[in-house]
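*Asks:* Reminder that position 348 of the sequence shown reads as 451 in my numbering, one-by-one numbering, no gaps. Each residue gets a CB set at the ideal place from its N, CA and C atoms; glycine is no exception. For clarity, every value in this text was computed on a predicted model and none was experimentally measured.
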Amino acid sequence: MTAGRANPGTRAWRDPVAATPYGAVRGRYESGVAVFRGVPYAAPPFGPRRFRPPVPPEPWDGVRDAGAFGPTAPKPPYSEAFAQYLSDPVVAGDDCLNLNVWTPEPGPGARLPVVVWFHGGALTRGSSAVPVYDGRHFARDGVVFVSVNYRLGVEGYGVFPGVPANPGLRDQLAALRWVHDSVEAFGGDPSQVTLAGQSAGAISVGALIAAPQAQGLFRRAVLQSGPPEAFERDKVRRMVRRMASRLKIPATAEAFAAVDRDLLLRTQAEIGRLSSPVLGGPAFGIVIDGDLVPRHPLEALVDGDAARDTELLLGWTRDEYRLWLVPGGLLERVDRLGAVALAGAMARCRCGSEVPRGYRALRPGVGTAETVGQMVTDHLLRLPLHRLAEARPGSSYVYEFAWPSLRPGLGACHALELGFVFETGDMPDSAKLAGDGAPQDLAHAMHGAWVRFVTTGDPGWEPWDATHPVRVFGEADRISHTEYGLRDPVVALWSADARRDVAATEDAGKSAPTAPTAAPGGTRPVRLVRPVRPVRPVRGTELRAVVRRLRRAGGAGRD
Numbered sequence: 104m105t106a107g108r109a110n111p112g113t114r115a116w117r118d119p120v121a122a123t124p125y126g127a128v129r130g131r132y133e134s135g136v137a138v139f140r141g142v143p144y145a146a147p148p149f150g151p152r153r154f155r156p157p158v159p160p161e162p163w164d165g166v167r168d169a170g171a172f173g174p175t176a177p178k179p180p181y182s183e184a185f186a187q188y189l190s191d192p193v194v195a196g197d198d199c200l201n202l203n204v205w206t207p208e209p210g211p212g213a214r215l216p217v218v219v220w221f222h223g224g225a226l227t228r229g230s231s232a233v234p235v236y237d238g239r240h241f242a243r244d245g246v247v248f249v250s251v252n253y254r255l256g257v258e259g260y261g262v263f264p265g266v267p268a269n270p271g272l273r274d275q276l277a278a279l280r281w282v283h284d285s286v287e288a289f290g291g292d293p294s295q296v297t298l299a300g301q302s303a304g305a306i307s308v309g310a311l312i313a314a315p316q317a318q319g320l321f322r323r324a325v326l327q328s329g330p331p332e333a334f335e336r337d338k339v340r341r342m343v344r345r346m347a348s349r350l351k352i353p354a355t356a357e358a359f360a361a362v363d364r365d366l367l368l369r370t371q372a373e374i375g376r377l378s379s380p381v382l383g384g385p386a387f388g389i390v391i392d393g394d395l396v397p398r399h400p401l402e403a404l405v406d407g408d409a410a411r412d413t414e415l416l417l418g419w420t421r422d423e424y425r426l427w428l429v430p431g432g433l434l435e436r437v438d439r440l441g442a443v444a445l446a447g448a449m450a451r452c453r454c455g456s457e458v459p460r461g462y463r464a465l466r467p468g469v470g471t472a473e474t475v476g477q478m479v480t481d482h483l484l485r486l487p488l489h490r491l492a493e494a495r496p497g498s499s500y501v502y503e504f505a506w507p508s509l510r511p512g513l514g515a516c517h518a519l520e521l522g523f524v525f526e527t528g529d530m531p532d533s534a535k536l537a538g539d540g541a542p543q544d545l546a547h548a549m550h551g552a553w554v555r556f557v558t559t560g561d562p563g564w565e566p567w568d569a570t571h572p573v574r575v576f577g578e579a580d581r582i583s584h585t586e587y588g589l590r591d592p593v594v595a596l597w598s599a600d601a602r603r604d605v606a607a608t609e610d611a612g613k614s615a616p617t618a619p620t621a622a623p624g625g626t627r628p629v630r631l632v633r634p635v636r637p638v639r640p641v642r643g644t645e646l647r648a649v650v651r652r653l654r655r656a657g658g659a660g661r662d
């Protein structure tokens with residue numbers, strides 16, 4: 104079945120209709136763009152399917168209505184402090200493995216480039232129904248835009264005995280396969296698919312492009328504010344065990360499936376309230392499972408052959424950490440803690456005192472909170488992305504979003520750029536983070552760079568090479584410009600720290616094992632220049648002291 108408008112006198116023909124492998128769906132025309140919402144790509148993941156890998160949906164007869172967003176995955180709400188900045192709609196229902204499609208030409212034959220979008224939210228919050236993620240401007244510019252819901256928190260990333268890990272990531276793979284099989288009927292070209300995500304969505308994209316089962320299902324990838332990562336299984340197991348202890352049940356999938364869903368969400372929120380990127384703490388994340396994630400995704404992309412021909416667009420914001428520290432007054436608390444907070448940051452990043460000393464030399468006069476925030480941001484996010492670009496010169500493009508929010512204290516914080524990428528800055532949900540009056544010319548520039556990349560593989564500036572070009576958006580009065588070696592002084596600090604570790608280990612007569620790569624939410628060192636880096640003992644007492652002192656303010660996961 105193909106789309107049609109042949110008979111405007113009847114609703115059935117006025118609305119666009121497209122075929123999927125499981126049945127036909129009817130969308131809506133909105134401002135000249137066809138939109139299909141809430142299209143199932145897998146069966147509801149509850150009942151006997153709970154905590155299990157996704158399975159195909161039941162086929163349906165006739166034409167299924169796709170005029171409204173489908174159910175969102177179970178998730179706890181943001182705290183009051185963060186809800187003033189971030190929107191997270193809830194749509195009730197079990198059929199939460201669904202997706203949405205915006206397309207300018209709903210029918211086979213158009214062969215348009217495709218974006219598959221995975222939302223952020225620390226793998227515990229968020230959905231495709233967030234208004235900022237409206238795909239109409241991508242469709243307006245000739246791109247088929249697909250946004251995906253997937254399981255979150257313990258439902259999607261809990262580790263249980265006898266059950267395959269990473270069901271939320273497996274949901275995303277199922278959605279990607281749906282796109283490969285179905286998007287041509289919506290006007291898309293399955294050979295021109297770009298995976299894109301921000302924060303936890305970017306982490307998911309990194310895992311997918313490294314996954315053996317996903318090879319051949321995409322051509323390009325965008326990772327914004329989140330590098331490829333994998334948590335240690337024990338870290339996630341501890342989260343599950345803490346929940347089980349609080350609920351007084353065994354830490355098994357069967358026992359968790361018998362718990363009231365709302366109670367499970369409340370317990371998850373209580374246990375995870377300190378899982379901030381700055382503070383660390385318990386969290387859910389992707390784990391190495393020997394199957395979909397056979398090794399650490401960053402290692403697979405840097406050292407292996409995974410997605411070797413994939414073009415990459417890698418980005419971050421200048422002040423990522425401010426979304427993690429400004430709500431709830433954490434920024435001021437870290438400043439007051441002074442040396443204790445720096446000790447906690449060194450424990451979090453597993454680095455020596457030379458690193459914070461170097462940051463202060465590079466930015467004399469800044470407060471402790473900014474030093475801590477930039478250290479943690481670099482360690483968890485920018486340096487792994489820098490390393491990925493270094494491993495893929497000629498096919499990687501790097502940018503930094505520098506425009507400061509009009510909301511006090513936020514600066515160019517985490518997630519601020521999304522209203523510009525989607526050109527949805529005129530929405531109240533974007534203004535919650537950016538303030539009123541965000542510059543439209545900057546939105547045109549950011550959105551245009553993404554459209555050029557997904558269409559041609561070239562966003563409009565030089566690919567990564569020995570000069571380290573970084574496109575900077577929104578700095579001072581400039582819409583965009585290129586800087587060379589923008590973060591090289593910071594990279595040099597961490598590289599020198601790694602060399603000191605190697606030298607100390609060699610002096611001690613010990614072998615230096617290859618270190619795991621740092622990742623958002625992890626507690627491991629970054630490997631940059633040297634191929635080896637020994638793991639420092641965790642300074643747990645300092646880190647625990649910081650967490651205790653910040654406990655009253657709570658924590659927030661990555662957006």
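Just to confirm the assignment: which complete alpha helix (DSSP H) runs, minimum length 4, are found wholly within the region 441-488?
*Replies:* Within the region 441-488, the complete alpha helix (DSSP H) runs of at least 4 residues are 442-452, 457-465 and 471-480.
*Asks:* Have a look at Arg322, Val266 and Phe387 and flag the residue whose alpha-carbon is nearest the alpha-carbon of Glu335.
*Replies:* Considering only alpha carbons, the answer is Phe387.
*Asks:* If you measure between the beta carbons of Ser230 and Asp191, is that distance less than 8 Å?
*Replies:* Result yes, Cβ atoms of Ser230 and Asp191 sit closer than 8 Å.
*Asks:* Span of the alpha helix (DSSP H) holding Val256?
*Replies:* The displayed chain sequence assigns Gly, not Val, to residue 256. It spans Gly256 to Tyr260 - the alpha helix (DSSP H) in which Gly256 sits, taken as one unbroken run.
*Asks:* On the DSSP letters alone, give me the boundaries of the alpha helix (DSSP H) that His550 sits inside.
*Replies:* Gln543 to Thr559 is the span of the alpha helix (DSSP H), which, as asked, contains His550.
*Asks:* For Trp281, does the three-state DSSP call read helix, strand or coil?
*Replies:* Residue state, collapsed to three classes: helix.
*Asks:* Beta-carbon within less than 6 Å of Phe139's beta-carbon, same chain only, minus the 5 sequence neighbours each way: which residues are those?
*Replies:* Closer than 6 Å at Cβ, skipping near neighbours: Val128, Gly130, Ala169 and Val204.
*Asks:* Residue range of the beta strand (DSSP E) that Pro216 falls in?
*Replies:* Pro216 -> beta strand (DSSP E) spans Leu215 to Phe221.
*Asks:* How close, in whole Å, do the beta carbons of Phe359 and Leu367 come, if the pair is a contact with beta carbons under 8 Å?
*Replies:* At roughly 7 Å, the Cβ-Cβ gap stays under 8 Å, so Phe359 and Leu367 are in contact.
*Asks:* How many whole angstroms separate the CB atoms of Phe172 and Arg323, which I take to be in contact at a CB cut-off of 8 Å?
*Replies:* Rounded, the Cβ-Cβ distance is 26 Å, inconsistent with contact.
*Asks:* Residues bridged to Leu202 by DSSP?
*Replies:* The partner list for Leu202 (beta bridge, DSSP) reads Val142 and Val251.
*Asks:* Beta strand (DSSP E) containing Pro572: first to last residue?
*Replies:* Start and end: Pro572 to Phe576.
*Asks:* Among Ile391, Trp597, His399 and Val443, whose alpha-carbon lies nearest the alpha-carbon of His489?
*Replies:* Checked all of Ile391, Trp597, His399 and Val443; the closest Cα to His489 is Trp597.
*Asks:* Using the C-alpha atoms, what's the distance from Pro162 back to Pro507?
*Replies:* Straight-line Cα distance between these residues: approximately 48 Å.
*Asks:* Evaluate Asp365 with the Cβ neighbour count: other Cβ atoms within 10 Å of its Cβ, from every protein chain shown; 16 or more gives buried, anything less gives exposed.
*Replies:* Looking at its Cβ environment, which holds fewer than 16 other Cβ atoms inside 10 Å, Asp365 is exposed.
*Asks:* In this structure, does DSSP put Thr227 in helix, strand or coil?
*Replies:* Correct three-state label for Thr227: coil.
*Asks:* Does the Cβ of Glu473 have 16 or more other Cβ atoms within 10 Å, making it buried, or fewer, making it exposed?
*Replies:* Buried: at least 16 other Cβ atoms inside 10 Å.
*Asks:* Which stretch, first to last residue, makes up the alpha helix (DSSP H) that contains Pro293?
*Replies:* Segment Gly291 to Gln301 is the beta strand (DSSP E) holding Pro293; no alpha helix (DSSP H) there.
*Asks:* Using a threshold of 8 Å, state whether the C-beta atoms of Val302 and Ser328 are closer than that.
*Replies:* The amino acid at residue 302 is misidentified as Val; the sequence shows Ser. Yes, the pair counts as a contact, with Cβ atoms nearer than the cut-off.
*Asks:* Excluding the 5 residues flanking Val81 on each side, which residues of the same chain have their C-beta closer than 6 Å to its C-beta?
*Replies:* With the chain covering 104 to 662 only, the question about residue 81 has no answer from this structure.
*Asks:* Determine which residues share a DSSP beta bridge with His681 and list them.
*Replies:* The structure shown does not extend to residue 681, since the chain spans only 104 to 662, so no value can be given for it.
*Asks:* Skipping 5 residues on each side, what residues in its chain have a beta carbon closer than 7 Å to that of Gly551?
*Replies:* Excluding positions up to five away in sequence, the list is empty.
*Asks:* Whole angstroms is fine: what's the gap from Leu215's alpha carbon to Ala446's?
*Replies:* Distance between the alpha carbons of Leu215 and Ala446: 52 Å.
*Asks:* Just verifying my parser: in three-state terms, what is the DSSP assignment at Val524?
*Replies:* Helix at Val524.
*Asks:* Which residue wins for smallest C-alpha separation from Leu483, given the options Val458, Cys452 and Arg436?
*Replies:* Of Val458, Cys452 and Arg436, the residue nearest in Cα terms is Cys452.
*Asks:* Compare the beta carbon distance of Phe576 and Leu545 with 8 Å and say whether it is the shorter of the two.
*Replies:* Yes; because the gap between Cβ atoms is below 8 Å, this pair is in contact.
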